[in-house]
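The block underneath contains the structure these notes are about, expressed in structure tokens.
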Amino acid sequence: MRSVNLTPSPRAQELLGALTSFMDECVYPAEAEVTKQRAAGLPAGHEPAVLDSLREEAKRRGLWNLCVPGLSGLGYLDYAYIAEITGRSPDLAPKSINGGAPDSVNMVMLDAVATADQRTRFLDPLLDARSGSAFAMTEPAVASSDASNIATTVRRDGDEYVVDGHKWYISGAANPRCSVLFVVGMSDPTASAHRRHSVVAVPADAPGVTIHRAMSVFGYDDDSAEISFDSVRVPVANRLGEEGHGFAVGQVRLAAARLQHCMRMVGLAERALELTCRRAEERVAFGGTLSQKGQLAAQVAESRIALDQTRLFVLHAAALVDSLGSRVAQSQISAAKVLAMRTAVTVLDRAVGVHGAMGVSADSPLARWWALARGLHIADGPEEVHLEVLARNELAAQEALAR
Ligand SMILES: Cc1cc2nc3c(=O)[nH]c(=O)nc-3n(C[C@H](O)[C@H](O)[C@H](O)COP(=O)(O)OP(=O)(O)OC[C@H]3O[C@@H](n4cnc5c(N)ncnc54)[C@H](O)[C@@H]3O)c2cc1C
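Under my numbering, think of the first position of the sequence shown as 9, with each following residue one higher.
What follows is the structure in structure tokens.
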């Protein structure tokens with residue numbers, strides 16, 4: 009294991025203090041209102057009204073756009089600490105500071121690859137949270153964990169591209185604020201597997217774009233959508249990066265996406281462990297509190313070990329990205345994704361268990377949080393694909409050592 013320093017920068021330490029106060033004073037107190045709005049039928053994909061005032065307050069406190077390293081001056085390690093705190097209140101905190109997926113990582117991508125004109129048209133509105141965005145790769149008809157399968161076409165016709173295809177589970181696209189979809193499609197079927205695809209920016213209201221429905225995750229409303237593209241025309245100037253370099257463009261966002269998700273899940277699981285301990289101390293059965301039962305106490309201890317191990321592992325991966333870049337840290341990022349999602353699902357599952365029927369009810373946030381974590385296990389690459397990457401890199405490294 010490479011040695012790295014895991015201490016956040018002095019500026020990040022200041023921001024972490026400010027963020028913790030923001031969570032205590034503004035975010036946690038707003039959660040009950042969101043639950044009420046959901047119960048009253050907040051439409052799928054729509055944001056709770058309180059987010060607008062939280063965004064204003066976060067801006068006022070200097071907690072805005074921290075997630076784009078090129079603009080905030082923070083590193084991946086610094087932002088990992090911030091993402092953990094926001095993960096504790098997943099419905100509100102990430103978006104409050106303009107660090108919610110997918111806008112956060114689309115901003116990272118645009119900052120790295122957009123032309124000056126594209127920055128004005130696509131990045132600036134996201135930096136102000138004037139509108140939202142989505143990254144559209146997955147398709148219902150093909151196994152999309154293998155990105156080379158993507159069948160949507162992005163065909164050049166003079167000064168335009170014509171987009172035809174069908175996508176689903178596209179995060180952010182069911183949110184009425186979504187104004188632009190970054191669509192991955194095949195631009196040259198004759199090219200090699202990793203040079204066939206390009207990414208083009210498609211306005212969400214372009215003729216031929218149909219948002220069919222908001223998707224759900226284990227029955228819970230999600231802000232992802234099923235979308236079709238029927239002869240949608242966009243100017244060539246809407247292509248991100250070079251033609252045929254769609255995968256390279258997508259890769260730019262992946263390190264940030266995975267590490268942010270990992271740390272938010274650590275934060276969420278920490279909160280679930282807090283609820284677990286509180287419930288176990290309060291609830292009495294068979295002559296003692298649940299916390300006095302050996303099996304439950306062991307679960308609490310196991311969760312603590314898993315969480316501390318996972319946090320250190322993800323922070324280490326983030327520090328490696330800062331010092332060596334995401335290519336060199338590919339194995340650590342994949343391992344972090346596997347470990348963080350396993351830990352989050354396990355800790356949340358234990359939290360559901362200790363709450364009994366309350367744990368599976370809508371009167372507690374735990375079932376919804378569990379569904380979120382299990383969904384993220386699949387999003388941004390299922391576990392099996394990350395394990396394959398790890399195994400491939402490990403075998404190659406061992407072979408090189410043996411030579
Ligand atoms: C909540 C949520 C949000 C999402 N957001 C987005 C988004 O914003 N944009 C977007 O484009 N997509 C998004 N997705 C889609 C997600 O990225 C895909 O579901 C994922 O890449 C898997 O593709 P697939 O569903 O086609 O599964 P498939 O490719 O059909 O794979 C199914 C299963 O096969 C197994 N498998 C796959 N490959 C291997 C292998 N090599 N070895 C062993 N087993 C394997 C895995 O268990 C995998 O889960 C989201 C998904 C969810 C659940």
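Positions of the beta carbon are idealized from the N, C-alpha and C atoms, including for glycine. For clarity, every value in this text was computed on a predicted model and none was experimentally measured.
Query, Result
"Counted within 10 angstroms of its Cβ, other Cβ atoms place P16 as buried (16 or more) or exposed", "buried"
"Option in I178, S206, N183, P148 with minimal Cα separation from V170", "S206"
"Start-to-end residues for the alpha helix (DSSP H) that takes in I313", "302-332"
"T178 CB to nearest heavy atom of ligand 1 below 7 Å", "A small fix is needed here, since residue 178 is Ile in this sequence, not Thr. I178: yes, Cβ under 7 Å from ligand 1."
"Cβ neighbours of A88 in the same chain (closer than 7 Å, five flanking residues each side left out)", "L267, M271, V322, L323, A326"
"CA-to-CA distance, T28 to S153, given in whole angstroms", "36 Å"
"Cβ shell of G108 (< 7 Å), same chain only, five flanking positions each side left out", "P102"
"CA nearest to the CA of V217, picked from A155, L189, V225", "L189"
"Member of S232, A26, D196 whose CA lies at the smallest distance from the CA of A52", "S232"
"Beta-ladder partner(s) of R241, from DSSP", "V170"
"Residues that S224 bridges to, as DSSP identifies them", "D229"
"Beta carbon of L347 nearer than 8 Å to that of W377", "no"
"DSSP bridge partner residues for L186 (one or two, in chain order)", "Rather than Leu, the amino acid found at residue 186 in this sequence is Cys. C186 pairs with G140."
"Cα-Cα separation between I313 and T351, rounded to whole angstroms", "10 Å"
"Beta-carbon spacing of V412, V162 below 8 Å", "Limits of the chain in this structure are 9 at one end and 411 at the other, which puts residue 412 out of reach."
"Beta carbon of S97 nearer than 8 Å to that of M31", "yes"
"Sub-8 Å separation of L276 and G78 beta-carbons", "no"
"Spatially closest choice to E282 from Q259, I178, S311, A66, by CA coordinates", "S311"
"Distance cut-off 7 Å: E64 Cβ against heavy atoms of ligand 1", "no"
"Whole-Å CB distance - A38 paired with L100, under 8 Å assumed", "6 Å"
"Classification of D165 by the beta-carbon crowding that lies within 10 angstroms, buried from 16 upward", "exposed"
"Residues bridged to K175 (per DSSP)", "I235"
"Touching by the beta-carbon criterion (3+ pairs, under 8 Å), the segment 241-249 and the segment 220-230", "no"
"Cβ contact (3+ pairs, closer than 8 Å) linking the segment 134-153 and the segment 110-124", "yes"
"Check whether R185 and D196 have beta carbons under 8 Å apart", "no"
"Straight-line Cα distance separating G252 from S239", "20 Å"
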